[in-house]
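Student: Top to bottom, those sequences are chains A and B. Numbered by the numbering used here, the letters in the first sequence go through residues 1 to 567 in order. Numbered by the numbering used here, the letters in the second sequence go through residues 1 to 234 in order. Note that CB positions come from ideal geometry on N, CA and C, so glycine has one too.
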Amino acid sequence: MNAPTEALVAPRPERLRLVGQRRQILSMMHQRLMLGMLVYAGVVAFIALRIIYLAAFGDHAGGRPGVTALVPDRGDIVDRDGEPLARTIDAWSIGLHPDKVIGDKLQLAHKLAQLMPEHSEADYFNMLRSGKNFFYLRRRAAPELVEAVNSIGEPGISLDREPERLYPQTDLAAHVIGFTNIDGHGASGAELAFDKQLSDPATRGTPVQLSISMTVQQALEHELLDAMNHFSALGAAGVVMDVHTGEILAMTSLPAMNPNAPGKVTPDQMFNRATLGVYELGSTFKPFTLAMAMDAGTVSGAGQMYNCPDALPAYGHLIHDTHPFGRMCSVAEIMMESSNIGMAQIADQVGTERQKAFLKKMGFLDKVEVELPERGRPLTPTTWGPFETMTVGFGQGIAVAPLQLAMGYATLFDGGIYHRPTILKVGPDHPLSKGRRVFTADTSYRMRSLLRLVVMKGTGKNANAPGYRVGGKTGTAQKVINGRYSQTVNITSFAGVFPMDDPRYVVVVMLDAPHATPETYGFTTAGWNVAPVVSKTISRIAPMLGVTPDMHREPDMSEVLPYVREE
Amino acid sequence: MSVRSFHSVFMASAVAGAALGCYLVSLRVASERAALEDVEAQIVHTQSDIRLLQTEVGTRARLTQLERWNLRALSLSAPTASQILGDKFQLARLVRPDPKLEVEAPVIMASAPAPQPQQPLAQDDDPDTAPVAQLLHEASYEAPAKAAQETPAPSRQPKANQPKATIAASVAGPRPNPPKQLVTKMASTAKKAGDKLVAMTSSAVTKPARAARIDPLAPLPADHSTGRALRTNR
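Structure follows, in structure tokens:
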């Protein structure tokens, strides 16, 4: 009731009210217009700036990014001289889309069987009728075949280019290089070891340079294959190594495999006998035992005498020699004629613990230290007593990979310093690994004339390559078949070093179960079958490696020759 | 008045012109860059082609293949140690001149320009030249002294090969004391054939038959020397 009535409040004049409203509306409209204009100007300015930026820094419409350098789909692998060992190329593949075929299927099957006879006409016809989407008819097809298939003119056949891993040297160094699987990733060898580097876009432009020398590899493979066929051996392995750097210049395992067709490789071919296979390598171990004895001080020099009867009873066993002396003999003679009896006594003097310690330092008790994924674990005696020390001393009861043996010789003749073996070229990108001392430099020096003596007058005469001062040691070990030593089947090996007056390269070759031939007079020992391989290989590779032949240079033979009795 | 009123128009057109100029420069730069990229792409393409061809050549001429060809056809082998030389002195030793002494040829050549003797020497052992053989026979025929004195020229008409054998006989054995008659005979023949006496005496004391039979210092007739030289050269 107390609320004021309308009649009591004086109303505002109508004119004044209108003016106020109009001003308000006008100012609001100005504000909105200004806002709209600013937004519009901003958009225009942004577009203009973007255009200017693109004109100044942008790419044009036809620009192809990333074509400034050739980067392959997977990095190359090259040898130490830069020759390609593995490359990725664009290869032709021939595919079949059965659902897109429009012509006469029977006729098409007939033509395909003519061009690609790996399948019969019926097979091709079944493929065409199968109703499936796609078949690969041929991968890595030759251009002539692609042209012929193309001329059939069938839209259901597709010809595509796809990256393919090609190994131009086919089976050369195949076990070192390895191969790739169907996805293009490494499946074995260096392809697997360096897979990350080879497939990473940032690093694959630079090839992986191996320490392998193609020419040395070819010489080794050829000579070894020749010997393997000649002596009907089951397999063979060979290593050429730089004494000073541990670089592997050549490494092969036979029978060979073709990495271009990994599907057809048998397990026997794929098996890397040089790194994965471990073998009792016999007398090639003797120089290590002698070096241990010299370092330990139990052998003072090549003139030290031992009793060498026809058979030596030791710890309940009897040790025999192939060429028994039956008299006192010097250390030089023990090495020269590879006497087990003499070496067993030397090993016994060294003792089990010292022998183990030396073998450990040489890396003979662990897997071989190399980049390859295929590495075998050495086999050592389960109970390592005094008798086992003797047998290990002359190379029985311990099985190592041929690469390890090469590594051991490299250690012995690099002044006694161990460098881990490598398949990468030593250079600015891959510096020399840090070495560790195993033997003294004096021992290393004194072993030169002893091993030269073996080749000049002893069991390794057939390994001599005139002018190249080859030294080395033969090794014939009985093969273990079904857990027993075979009396007829051998594993023969030879470890050679040249030039012996300044050792630079080690050559290790091994033949698995060679047979006797008329020219070996029925023998299957290393001096008859693998030693000539070393001679031939060194004669071929030494000039390539820059070793000058010299008929007038020899290591200091006056240290050993006085202790050899001329028979 | 009118110019001042168009001032803003001029300014606007000047700015527009400058902007257009800048845009044209930018356009030019962009087109150059595009061309450069085209060239780069072309280079990469060519590199890829080269790589492909290199791979093909490398695959076709792979070492295993070369080795096979070598075994079948070429039969090349690595050099042996004796074929590799260490330094230039060893190389020089290979071309060392042959130390064999050749007496005949230089002596004959030296004697060629010598003055011709009055008569050719009876030194030729060639059976084809009869007159020389006759003279030779006359000069050195070893006959009994008596017979030689009785017949001063007994070998005027002997058989062609007869004197040769006689000469050989006369020269072969050393004769420490030649008969007096023979010496005088030789002294008489020396008038006809230069230094024949010297030759005979030297032949008597010198053992080797060849050196004694042919006097290396004696001049020979021109036709004989050329004939000998030709034979030597053959």
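Could you tell me if B/Arg68 is buried or exposed, where buried requires 16 or more neighbouring beta carbons within 10 angstroms of its beta carbon?
Tutor: By the 10 Å Cβ count, B/Arg68 comes out exposed.
Student: Please name the residues in the segment 49-63 of chain B whose beta-carbon is closer than 8 Å to at least one beta-carbon of chain A, in chain order.
Tutor: Going along the segment 49-63 of chain B in chain order, one finds Arg51, Leu52, Gln54, Thr55, Gly58, Thr59, Arg62, Leu63 with a Cβ nearer than 8 Å to chain A.
Student: In or out: B/Thr46 buried (at least 16 other Cβ within 10 Å) or exposed?
Tutor: The residue is exposed, with fewer than 16 neighbouring Cβ atoms inside 10 Å.
Student: Ignore the nearest five residues each way along the sequence and tell me which others in A/Phe358's own chain have a CB closer than 6 Å to its CB.
Tutor: Here the set comprises Met292.
Student: On the three-state DSSP scale, how would you describe A/Phe364?
Tutor: Looking at A/Phe364 - three-state DSSP - the assignment turns out to be coil, as it is neither helix nor strand.
Student: Under a CB-based cut-off of 8 Å, is B/Arg47 close to chain A?
Tutor: The sequence shown places Gln at residue 47 of chain B, not Arg. Closer than 8 Å to some Cβ of chain A, the Cβ of B/Gln47 qualifies, so yes.
Student: Closest Cβ-Cβ distance between A/Thr548 and chain B: below 8 Å?
Tutor: At least one chain B Cβ lies under 8 Å of A/Thr548.
Student: Mind checking A/Gly467: buried by the 16 CB within 10 Å criterion, or exposed?
Tutor: Classification for A/Gly467: buried.
Student: So, with DSSP's three-state summary, where would you put A/Asn229?
Tutor: A/Asn229: helix per DSSP, three-state reduction.
Student: Can you pull the chain A neighbours of B/Glu32, defined as C-beta to C-beta under 9 Å?
Tutor: Those do not exist, as B/Glu32 stays about 11 Å from chain A at its closest Cβ, beyond 9 Å.
Student: Which term fits A/Asn462, buried or exposed, when burial requires 16 or more other beta carbons within 10 angstroms of its beta carbon?
Tutor: Per the 10 Å Cβ criterion, buried.
Student: For a cutoff of 8 Å on Cβ pairs, would you count A/Tyr505 as touching chain B?
Tutor: Taking Cβ atoms only, chain B never reaches closer than 8 Å to A/Tyr505, which makes this a no.
Student: Taking all protein chains shown into account, do 16 or more other C-beta atoms lie within 10 angstroms of the C-beta of A/Asn150, making it buried, or fewer, making it exposed?
Tutor: Answer is exposed; the Cβ neighbour count stays below 16.
Student: Hey, could you find the ends of the beta strand (DSSP E) A/Glu162 is sitting in?
Tutor: Here the beta strand (DSSP E) through A/Glu162 covers 157-166.
Student: Check whether the segment 237-252 of chain A and the segment 397-417 of chain A touch, using three or more Cβ-Cβ pairs below 8 Å as the test.
Tutor: Counting Cβ pairs under 8 Å, three or more are found: they touch.
Student: Taking C-beta pairs closer than 7 Å, name the residues in chain B that A/Ile89 reaches, listed in chain order.
Tutor: Simply Leu52, Thr55.
Student: Output, in sequence order along the chain, the residues in the segment 535-561 of chain A whose CB is closer than 8 Å to any CB in chain B.
Tutor: Residues passing the 8 Å Cβ filter: Ser539, Arg540, Pro543, Thr548, Pro549, Asp550, Met551.
Student: So the alpha helix (DSSP H) A/Asn133 belongs to, where does it begin and stop?
Tutor: Counting along the chain, A/Asn133 falls outside any alpha helix (DSSP H), and DSSP gives it neither H nor E.
Student: Relative to the C-alpha of A/Tyr315, which residue among A/Ala256, A/Thr252, A/Pro262, A/Trp384 is closest?
Tutor: The option with the nearest alpha carbon to A/Tyr315 is A/Trp384.
Student: Residues in the same chain with beta-carbon distance under 7 Å from A/Asn529, minus the five sequence neighbours each way, listed in chain order, please.
Tutor: Contacts found: Ala227, Phe231, Thr492, Leu511, Pro514, Thr520.
Student: Helix, strand or coil for A/Thr298 per DSSP?
Tutor: Correct three-state label for A/Thr298: coil.
Student: By a C-beta neighbour count over all protein chains shown, 10 Å radius and 16 as the cutoff for buried, is A/Asn490 buried or exposed?
Tutor: Buried.
Student: Please report the Cβ distance between A/Pro287 and A/Ala174, rounded to the nearest whole angstrom; I am assuming they are in contact, meaning their Cβ atoms lie under 8 Å.
Tutor: Rounded, the Cβ-Cβ distance is 31 Å, inconsistent with contact.
Student: Any idea if B/Gly86 is buried or exposed, counting beta-carbon neighbours within 10 angstroms, 16 or more meaning buried?
Tutor: B/Gly86 should be labelled exposed.
Student: List, in order along the chain, the chain B residues whose C-beta lies closer than 9 Å to that of A/Gly467?
Tutor: What A/Gly467 touches in chain B: Thr80, Ala81, Ser82, Ile84.
Student: Quick one: residues in its chain with C-beta nearer than 8 Å to the C-beta of B/Ala95, no 5 flanking neighbours on either side, listed in chain order?
Tutor: It should be pointed out that residue 95 of chain B corresponds to Val in this sequence rather than to Ala. Correct list: empty, nothing qualifies.
Student: For chain B, find out if any of its Cβ atoms is closer than 8 Å to the Cβ of A/Met500; answer yes or no.
Tutor: So, not an interface residue.
Student: Please name the residue or residues paired with A/Phe494 in a DSSP beta bridge.
Tutor: A/Thr474, A/Val509, per the DSSP bridge assignment.
Student: If you follow the alpha helix (DSSP H) that A/Leu403 is part of, which residue opens it and which one closes it?
Tutor: Run containing A/Leu403: 402-413, per the alpha helix (DSSP H) assignment.
Student: With DSSP as the reference, identify every bridge partner of A/Val208, one or two as the case may be.
Tutor: DSSP output for A/Val208 lists A/Ile77 as bridge partner(s).
Student: Going by DSSP, what residues sit across from A/Ile481 in a beta bridge?
Tutor: Paired residues: A/Arg484.
Student: Cutting at 7 Å between CB atoms, please list the residues of its own chain near A/Tyr136, excluding the five before and the five after it.
Tutor: Hits under 7 Å: Ser93, Gly95.
Student: Which of helix, strand or coil does DSSP assign to A/Trp92?
Tutor: Here A/Trp92 sits in strand by DSSP.
Student: Have a look at A/His185 and A/Leu372 and give me their C-alpha separation to the nearest angstrom.
Tutor: Whole-angstrom Cα-Cα distance: 15 Å.
Student: Shorter than 8 Å from the beta carbon of A/Ala202 to some beta carbon of chain B?
Tutor: Answer no: the Cβ-Cβ gap between A/Ala202 and chain B never drops below 8 Å.
Student: What do you reckon, are the CB atoms on A/His110 and A/Glu118 nearer than 8 Å?
Tutor: No, these two residues do not count as a Cβ contact at 8 Å.
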